[in-house]
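Here's the structure we're looking at; comments come further down.
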Amino acid sequence: DSGVTQTPKHLITATGQRVTLRCSPRSGDLSVYWYQQSLDQGLQFLIQYYNGEERAKGNILERFSAQQFPDLHSELNLSSLELGDSALYFCASSDGHDAGELFFGEGSRLTVL
Amino acid sequence: AQTVTQSQPEMSVQEAETVTLSCTYDTSENNYYLFWYKQPPSRQMILVIRQEAYKQQNATENRFSVNFQKAAKSFSLKISDSQLGDTAMYFCAFMPYNQGGKLIFGQGTELSVKP
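Chains H and E are the protein sequences, given in the same order. According to the working numbering, the first sequence holds residues 1 to 113 in order. According to the working numbering, the second sequence holds residues 1001 to 1115 in order.
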């Protein structure tokens, strides 16, 4: 158990809809990262938050947004969903140091029909 | 752009034997970190081993060791005494020194350990 909790574990929705994925980091970790794992794109970094502030951005679509709340949990919002958004979305957390180990959650499997 | 390449989509090994997974990367950075992550069927990403580019000594974690060749930009993973529980997808990942947490992953190698 990594200590990172993601909900929901599975989600099925229709094109055009909006979903929110939630992540609770390990106790004490200030940084949260979101990654997308899909068959065609592999594992891709989406975005990082550190203590409530956006720190780094990767290949995140404009239809996607994220935030980190004062209690350090994070949410990834996906809107106007397309079939190609079907993927496993991982959250990871770390203590925020550059060389710090990332601890991954079990992921949220999103299926868009 | 930095890229990570794993040229072996699938590999298999007999239980108790040794297997080596290959990884090459491309970067102009001098300082960075390299990782091997394991993703078993449970799908959770688990860190196997980490290497700092400035260290010449190859990292070792129990049955797992790496062969880090900085000039060749190569970072292979050796698993000794393979166990059934090692069956998983293995991902090689690169992280620039000043971009903590922003991992660049390879496409993965699916390893099957056979009894």
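Note that the Cβ used here is the ideal one computed from N, Cα and C, for glycine as well. Just so it is clear, the structure is predicted and the values come from calculations on it, not from any experiment.
- A direct Cα-to-Cα measurement between Gln1099 (chain E) and Ile47 (chain H) gives close to 12 angstroms.
- By the neighbour-count definition (other C-beta atoms within 10 Å, threshold 16), Glu1061 (chain E) is an exposed residue.
- The beta carbons of Ala1088 (chain E) and Lys1038 (chain E) sit closer together than 8 angstroms.
- A distance below 7 angstroms between beta-carbons, with the five flanking residues on each side excluded, links Ala87 (chain H) to the following residues of its chain, in chain order: Gln36, Gln37, Ser38, Leu110.
- Note that the C-beta distance between Ser31 (chain H) and Ser93 (chain H) is below 8 angstroms.
- Counting only Cβ-Cβ distances below 9 angstroms, Gly28 (chain H) has no contacts in chain E at all, with the closest Cβ about 16 angstroms away.
- Annotated three-state conformation of Asp1081 (chain E) is coil, per DSSP.
- Taken through DSSP and simplified to helix, strand or coil, Leu83 (chain H) comes out as helix.
- In terms of Cα proximity to Val1004 (chain E), the closest of E:Ser1028, E:Asn1058, E:Val1019, E:Ser1012 is E:Ser1028.
- Identification of chain E residues near Tyr33 (chain H) by a Cβ-Cβ cut-off of 9 angstroms yields Gly1101, Lys1102, Leu1103, ordered along the chain.
- Neighbours of Gly42 (chain H) in chain E, taken as residues whose beta carbon is under 9 angstroms from its own, are Phe1091, Phe1105, Gly1106, Gln1107, Gly1108 in chain order.
- Asp95 (chain H) sits in coil when the DSSP states are folded into three classes, being neither helix nor strand.
- By the C-beta density criterion, Arg55 (chain H) is buried, having at least 16 other C-beta atoms within 10 angstroms.
- In the structure shown, Asp1086 (chain E) adopts helical secondary structure according to DSSP, grouped into three states.
- Taking 8 angstroms as the cut-off between beta carbons, the residues of the stretch 1038-1066 of chain E near chain H are Ser1042, Arg1043, Gln1044, Met1045, Ile1046, Leu1047, Arg1050, Glu1052, in sequence order.
- Contacts with chain E (Cβ-Cβ distance below 9 angstroms) from the stretch 51-66 of chain H involve Arg55, Ala56, Gly58, listed in chain order.
- Residue environment analysis places Gly107 (chain H) among the buried positions, since at least 16 neighbouring C-beta atoms fall within 10 angstroms of its C-beta.
- Close CB contacts of Thr7 (chain H) within its chain, under the 6 angstroms cut and outside five residues either way in sequence, are with Arg22 (chain order).
- By alpha-carbon distance to Pro1041 (chain E), the top candidate from E:Gly1085, E:Cys1092, E:Glu1015, E:Lys1102 is E:Gly1085.
- Closest option to Cys1092 (chain E), judged by alpha-carbon separation, among E:Met1011, E:Thr1024, E:Glu1052: E:Thr1024.
- The Cβ-Cβ distance between Leu102 (chain H) and Gly1108 (chain E) does not fall below 8 angstroms.
- Counting along the chain, Thr1024 (chain E) sits inside the beta strand (DSSP E) bounded by residues 1024-1026.
- Closer than 8 angstroms to the CB of Leu11 (chain H) there is not a single CB belonging to chain E.
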